[in-house]
Structures are given as C-alpha cells and as structure tokens.
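Chains as they are written, first to last, in my numbering: chain A, 1114 to 1385; chain B, 1114 to 1385; chain C, 1114 to 1385. The C-beta atom is built at its ideal place from N, Cα and C for all residues, glycine as well. Remarks on the structure that follows.
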Amino acid sequence: MFKECLDSVREKSPLIHNITNYVTVNDVANAILAVGASPIMADEKKEVEEITGICGGLNINIGTLNRRTIASMFKAGKKANSLAHKTLLDPVGAGASALRTQTAIQLLSKVKFDVVRGNISEIKTLATGSGKTQGVDANIEDAVSEGNLEAAVQFAKNFSAQHGCITAITGAIDLVADSTRCFVIRNGRPEMGRITGTGCQLSGIMTAFVCAGSNPLESAAAAVCAMGLAGETAWSRMESGDGNSTYRNRIIDALFNMTGAELEAGAKYEIR
Amino acid sequence: MFKECLDSVREKSPLIHNITNYVTVNDVANAILAVGASPIMADEKKEVEEITGICGGLNINIGTLNRRTIASMFKAGKKANSLAHKTLLDPVGAGASALRTQTAIQLLSKVKFDVVRGNISEIKTLATGSGKTQGVDANIEDAVSEGNLEAAVQFAKNFSAQHGCITAITGAIDLVADSTRCFVIRNGRPEMGRITGTGCQLSGIMTAFVCAGSNPLESAAAAVCAMGLAGETAWSRMESGDGNSTYRNRIIDALFNMTGAELEAGAKYEIR
Amino acid sequence: MFKECLDSVREKSPLIHNITNYVTVNDVANAILAVGASPIMADEKKEVEEITGICGGLNINIGTLNRRTIASMFKAGKKANSLAHKTLLDPVGAGASALRTQTAIQLLSKVKFDVVRGNISEIKTLATGSGKTQGVDANIEDAVSEGNLEAAVQFAKNFSAQHGCITAITGAIDLVADSTRCFVIRNGRPEMGRITGTGCQLSGIMTAFVCAGSNPLESAAAAVCAMGLAGETAWSRMESGDGNSTYRNRIIDALFNMTGAELEAGAKYEIR
C-alpha cells in the first residue's frame, strides 16, 4: 500500500505550491525534490492564484506569517479549492499568538483543506479556539503517549469529522486520521526534534503524497512513515562527532534514496 | 583563459549585492564565499542604492518577488547602471505567472543588464513576451539538445544582440553567448536538478566572475564551467546513502576547493 | 565557570525570540537547538509582543531589515524591556547604509539591550554615529590585533559604560566586555569567515546563554568561546575535499556535541 504511495509521487512528480516560512523553506524544497516531486515557492498576492493554478497541490504553513502573506494564503487557498487541488494547512505556532491562532482558524473556516498537519498543541488550539503553545513545539502535558492514545485517536477522528479533512498529529507517536480510521504510527526518532523544520518538511512531502496518491488517508500516512523512516535511516548513518546539522542533511538524503519497497517494509503502524 | 577568470575572483574578492529569493539565499551566499567573493543581501528600497554603491556587482533574482522587493530591484538596477556596475538578471519562473513575466520584461527594458541567466523556458518567455513555464523548471519540449543545438545557439545570440547583454541558458547543455560568439558547455550532472538552487548559486557566482574578470563573455562562461565542474567533482565524492542534501553541500565544497588550474583542465566547451 | 554556563542552557532550555535576517535564519535556529535552547522566529508587528512575552530572550538582527520588520523590532524590544527579558542587538552591516546605521542607533537609544554583538566596524559605527563598513564584514584597518588590543579593550569597556550593556566585538581576537572587565578570547578559526552566518549564529546562542546564566558577562563570553571552540573542533574533522558548506554543518554539529567540561577545558581567554 505505502509502496504504491511513494512510487506514485516519483511517477507523477506533482508540482507543489508552497506558501511557507523563511526559516525552513530551503529544506522543504529539498525534501519535496528528494521524494521526486517539484516545489515552487510564491507568496505575493498578485501571483498566487496563477501559481496555484499550474500546480497540483498547495501547502500553507504559517510559520512566519505576516500581513502580506496572510492575504496570499486566503487567495491561494480559495483558488486551489475552485480547482479541486489538494490543500494542506500547517498551523505552525497556533496558540503561541492570537494572530497565529486566528489566522489558522479563519483559514480552516474559509478554505477547505484536505489535510491539517501539526503537533498536538496546535491541533488542540484549532479545536478549542485558544491554546497555550510553548513556542513552536508541543506542550509536554499534551503529548500523545501510550497512556492517552485512545483518547487522542478519538480526538483526531472528531477533528477530521468536524472539518471534513484528514488530521495528522505528529509527535513521539504520530496519528493520521479521517473521521473513521486512524493510522497510529511509531516511526521516527526523538532526535528529529533537535532539528528545525522536520515538521515543515513533512507537510511539504505530505502535500505531494496526497496529490499523487489515489487514497488521501493512506497517502498522508505514507508520508508520515516515510519521514519517520528517513529519520531512522539517517540516524543509523550518524558517525562520531555528527550532530543535528548533519542529521538534517542525512534525513533528506534518506528520503532521496528511499524506495517504495523500503517504505513498505519499514513502516510501523496499526490502524484503529 | 578560465584559470585567470577564477584566480581573478579570488584576488579581487568583489562585493556582490544580491536581491534574491528566500528559498536559496543561504546557498547563494555560501557559493559566493566559496569562489572567494563576498555577498551582501539587502532588499529594502530605502537602502538598496547605497548598498549597490559600495558593491561591484548586482545580482537580481525574482524567485520570490513581491511588491516591496520589485520596487527595490528597479531602484538598485538603475543605480548600478549609473555607476557602471556589473548587473545580472535571473528571471526565475518567468512564464509561470504574469507578475514574473512582466517584472522580468520590465526590468530588462528599464535596466541595462550585463548578463541574463535562466533556463530555456524563462529566456524564451522573455524573448516572446509570454510563456508556459512549468514552475521553476524548464519545459521538456524546450530543452536544449544535440538535435536543436544550432537553433538554440542562434536564439541565444539573437537575444544577446537584441538586449545588448550576455545570455546564459543553462540546462543539460549550457549556452553562454554574446551577439557573435557562443560557448557551448557540457559540464555538470543531471542530478544537479534534484537540488533546489543550483541555478541561483550560479547566478550569484557568475556576477562575481563578471565583476572580477576583464572579458565578460569568458568570465560568464567560466562561471558556468565552474558550477558544472563542481557538480561533477561533488558527484565523484558521493558515498552510499548520500542524497540531494549532501550533494548540495559537496557542490559548494567543490567550488571552495577548486583551483584555477583545475577549472581550466576540467572545463568542457566548444565555441560556436 | 563556562561549564556552568553551557550546562545551564541545556538545563533551562530557554525559548528565544529571533527577529533576524532570512539569509542565515535556518542556521541560527539549528545553532540554538544545538546548544539545547529553543528558537522561535516571528517578525510581524501584530504578534511580536505576544511572542516575546512567552520567550525568555529576544535576539534582534538587522541583516535584512525592512520597513515592516523595523517596526516589529522596536515593538518587540520595548515589550521585552517591560518584562525584563534578556535582549541582544546584532547590528549587521551598520555603516554600510544610513538605514542600517540609523536603525541600529535608534534601537540602541529606545530599547535597553543587555548585549550588543557585532564586528569592530559595526560597533565603531554605533559609537561614532557613522561608518564605512565594507558590506557585512569588518574593514581590515579596524580589525582588533595584538598591536591595538589595549585600545580596543578600552573602546569596548567605554561602549559598555555608555550604553549600560555588554559589548561583544568578534573577529580574529574576540572581546566581551562590560564597563570594567573585558574577556579577550582567542578561540576560533579564520576559515569561519568563509561561511555566511557564524556571527548570526553566535548572536542567537549568546542570547540563550545570557538568558540561562546567572552572570551575563560570563555567559556572553562563554557563548563566544563555545562558538570559537566549535569552529576549532569542526575544523579538526574536515576531510580532503570538504569546504565551507561542510564546515558550516560541522560547526553546528560541534555545538550539539559539546559538553560543559569540554567548553571549560577548550576556552582560551584572559581577562583585562
């Protein structure tokens, strides 16, 4: 199943329009290229509709949002909807400021998103309309664990049902759910949190997977497994003296070299 | 000939003003440093004239253009012209949106550029006033090949004659032409297309080469050979498990370590 | 002493608000993560007060300042002051344009900074109100050397007294001074100047060190030693064919792996 998801990205090479933050944008572009898709970054209001028009998918990431780019996000999102293009929202830091929380909630109400991907604090903020996100990382008390897993799965399904989207909540355990099924994924390494942008990269490649695949839920789950597996492969290649910067490079390298068969064999998940 | 071009960059260490996109800007800065020149990035209208004034060359790249930075491009370009500084235009994505196409065409009409560097789709868009660029990569049907080489060389010469510039069209085969002579260059690796920003980096170092050199056409061609040769050297250093992120680093590393003699020996070109 | 400074960053993991340039922002984020702190980048006027409010420290870097972000710098700075948060100013390119010089001087007069960190040309520009900075690098005639060291130490102390801050002047020899004591630091490698952003990274981690430590002067000096020592460690790991891009990665890796004890043992300084 996941083999076909990755093979399909490589075969169709979808063009992905990214309105994303300037912190991790280069890694997002290289990660999208690594899985075999093609990135374009454009955030000017005057061109975002046209750019979205020539693409297959739209990835909106509010990591360094500003007045100018917020307007572009809404415009691109509506255009993508009118063309039935695949859309993903990454509500980076929702809960950390009213601007982020409100922008994410308004985007969710004005634009139809195929996927919403964030950490548990961000998604909880969207669900409740307020939050207390610690910067751009999840609060520890919110983290999905074996102890609260069943409740978290139900929360993800409910969020999906409410918004008609796939919900991807990533952390130590990753959840990818629609309203009835939830992939519980245990790929990845804790050290991925010591690199900036692994979440942003995941949102980028997930947009490509959902674009290229026939089943959006499985495609989104495949992207999460691919990113986590890349984190595992990259970690196994770390040498004495290597740190988070080299780990960053090796993760993108691992995406570049991953075959569909390797993804199929390495994916660790159950469906609840 | 090319030896002197690279040696001259290292000796004169020109300061290059870059108004460029936020996707690949860090790699552009490190590539410019790798060849021995010095980068400064500044895109605020209030300061671009002054910044251009203290530099030797101006590199304008429209990769993530917006209303604010477009105004700065015109202002900096005119100032650079008034000081007879070297100028380069990289029309990233011209043809992908009207804003990009029009901005590039207007820049070309209001500012005198010493060099225009892009892929074939972008340069064709500038030549015809419209285009159908597939994102930021060239359309396959446009690509320069052995089969259409003579026509492509003539096209590059004509574009150069029309705009009084050097035209660099990069792809599987690279062309660097003025109105009468065209370097046909066969350095490089196809895998360079799987990294974001090798074109942007080339524009950055090419501005430095043209700044430092005595013959602009030869300097521009030397920069193309240097980038391609770096791609070859970097590829030869790739190890099992390495992918596009490591390849990116090794290309800049190869520029850093390249001697003038190595460039002279490794350059693969003919003049038509 | 320096051991405790680094251990304290790892233990407290302060959240650092960065209003910084888009050239080196990714490396700044990864360097802050490498030392064990947590970065957030936010530059929109509507949210900077809230973001600063949830952080422990504020790092303002004017490397690619523009009208929009300048307003955010003042707003965030005043809010940080009202909360007694730690603040650092990195006046990148002060002296290269009137906008940079004036913005830095006004920031210094309207916002109370705990630390000002720059190269000698930038700090001299702030001291005299004008300058002739060569791009973003220091002028050679200004450079701190064994020959002018005593005068430079006195200059740093005077600047600190005048502005009630710690002054960090980095170059071949680094100075970190308050009004009465100056750390003269001889860690680092000249090759660090061939990478973009080692200064920006230092400002980022220095903000974290000052946030987490009990003695601001010692914490700031510890950050300078850590960055320099990382440069030395990284250089010792360089292999044939490696260049500035790999060096960049290895420096961040070295910060990631550095222990407090290693910093204590490797720091090379005297106090004047």
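Anyone know if the C-beta pair for residue i and residue j falls short of 7 Å?
i	j	result
A1089 of chain B	L1288 of chain B	In this structure chain B extends from 1114 to 1385, so residue 1089 of chain B is not present and cannot be described.
G1379 of chain B	L1342 of chain B	yes
C1338 of chain A	N1300 of chain A	yes
G1169 of chain C	L1128 of chain C	yes
G1317 of chain A	N1194 of chain A	no
V1297 of chain C	E1377 of chain C	no
K1125 of chain B	E1162 of chain B	no
G1208 of chain C	T1238 of chain C	yes
G1133 of chain A	V1141 of chain A	One detail in the question is off: residue 1133 of chain A reads as Thr in this sequence, not Gly. It is a contact, given that the beta carbons lie within the stated cut-off.
A1189 of chain A	I1365 of chain A	no
I1183 of chain C	I1236 of chain C	no
M1154 of chain B	N1139 of chain B	no
What would DSSP say about residue i, mapped onto helix, strand or coil?
i	result
I1132 of chain A	strand
T1200 of chain A	strand
G1170 of chain B	strand
M1154 of chain C	strand
C1338 of chain A	helix
L1288 of chain B	strand
G1410 of chain A	Summary: the structure shown does not reach residue 1410 of chain A, with chain A confined to residues 1114 through 1385, and so no result is reported for it.
F1296 of chain C	strand
I1279 of chain B	strand
S1195 of chain C	helix
I1308 of chain B	coil
A1256 of chain B	coil
K1121 of chain A	In the sequence on display, residue 1121 of chain A carries Ser and not Lys. The answer is helix: DSSP assigns S1121 of chain A an H, G or I state.
E1377 of chain C	helix
E1352 of chain A	coil
A1144 of chain A	helix
S1273 of chain C	helix
Taking the C-alpha atoms as reference points, what is the distance between residue i and residue j?
i	j	result
S1243 of chain C	R1230 of chain C	17 Å
A1285 of chain B	L1368 of chain B	20 Å
L1212 of chain A	G1310 of chain C	30 Å
G1149 of chain A	G1356 of chain B	12 Å
T1372 of chain A	I1145 of chain C	33 Å
R1402 of chain A	H1276 of chain B	Residue 1402 of chain A is absent from the structure shown; chain A starts at 1114 and stops at 1385.
G1292 of chain B	V1228 of chain B	A quick correction: the sequence has Ser, not Gly, at residue 1292 of chain B. One C-alpha to the other measures close to 12 Å.
E1352 of chain A	R1361 of chain B	20 Å
E1345 of chain B	M1305 of chain B	9 Å
T1137 of chain A	G1260 of chain C	43 Å
K1225 of chain C	S1358 of chain A	33 Å
F1115 of chain B	N1143 of chain C	38 Å
H1198 of chain C	S1234 of chain C	27 Å
Q1267 of chain B	L1221 of chain B	20 Å
S1422 of chain C	I1164 of chain B	Here chain C has residues from 1114 to 1385 only, and residue 1422 of chain C is not among them.
E1157 of chain A	V1257 of chain C	44 Å
K1381 of chain C	L1315 of chain C	17 Å
G1326 of chain C	C1118 of chain C	6 Å
Q1219 of chain C	G1206 of chain C	15 Å
D1203 of chain A	C1295 of chain C	46 Å
S1349 of chain C	C1324 of chain A	45 Å
A1083 of chain A	P1152 of chain A	Residue 1083 of chain A cannot be examined here, being either before or after the span of chain A that is shown, 1114 to 1385.
C1278 of chain C	S1185 of chain C	22 Å
F1272 of chain B	D1120 of chain B	30 Å
A1347 of chain B	R1385 of chain A	46 Å
R1302 of chain B	G1312 of chain C	34 Å
Against chain E, does residue i count as a neighbour if the rule is that its beta carbon must be under 7 Å from one of theirs?
i	result
I1318 of chain B	The question asks about chain E, but that chain is absent: this structure's protein chains are A, B and C.
Could you list the residues in the stretch 1120-1140 of chain C with a C-beta less than 9 Å from some C-beta on chain B, going in chain order? Here the close residues are N1134, Y1135, V1136, T1137, V1138, N1139 and D1140.
Would you say the stretch 1169-1176 of chain C touches the stretch 1317-1337 of chain A, given that touching needs at least three Cβ pairs under 8 Å? Result no; under three Cβ-Cβ pairs closer than 8 Å.
Taking any Cβ of chain A, which residues in the stretch 1286-1316 of chain B have a Cβ under 9 Å from it, in chain order? Correct list: G1306, R1307, I1308, T1309 and G1310.
Could you please tell me which residues of the stretch 1163-1187 of chain B, in chain order, have their CB closer than 8 Å to any CB of chain C? Listed in sequence order: E1163, I1164, I1167, C1168 and R1181.
In chain order, what residues of the stretch 1208-1222 of chain C put their CB closer than 9 Å to some CB of chain B? Of all residues in the stretch 1208-1222 of chain C, A1209, S1210, A1211, L1212 and R1213 have a Cβ within less than 9 Å of some Cβ in chain B.
Which residues, in chain order, does the stretch 1141-1155 of chain B contribute to contact with chain C at a C-beta distance below 8 Å? When CB distances to chain C are screened at a threshold of 8 Å, the residues of the stretch 1141-1155 of chain B falling below it are A1142, N1143, L1146, A1147, S1151, P1152, I1153, M1154 and A1155, in chain order.
The stretch 1223-1245 of chain C: positions lying closer than 7 Å to chain A by Cβ: So nothing in the stretch comes that close.
Taking Cβ-Cβ distances below 8 Å as the criterion, which residues of the stretch 1343-1361 of chain A are in contact with chain C? Interface annotation for the stretch 1343-1361 of chain A against chain C: G1354, D1355, G1356, N1357, S1358, T1359 and R1361, criterion Cβ-Cβ distance under 8 Å.
Which residues, taken in chain order from the stretch 1196-1208 of chain B, show a beta carbon closer than 8 Å to some beta carbon of chain A? For the stretch 1196-1208 of chain B, which is checked against every Cβ of chain A, the residues closer than 8 Å are G1206.
May I ask you to list, following chain order, the residues of the stretch 1251-1285 of chain B that have a beta carbon less than 9 Å from some beta carbon of chain C? So the list is empty, because no residue satisfies the distance condition.
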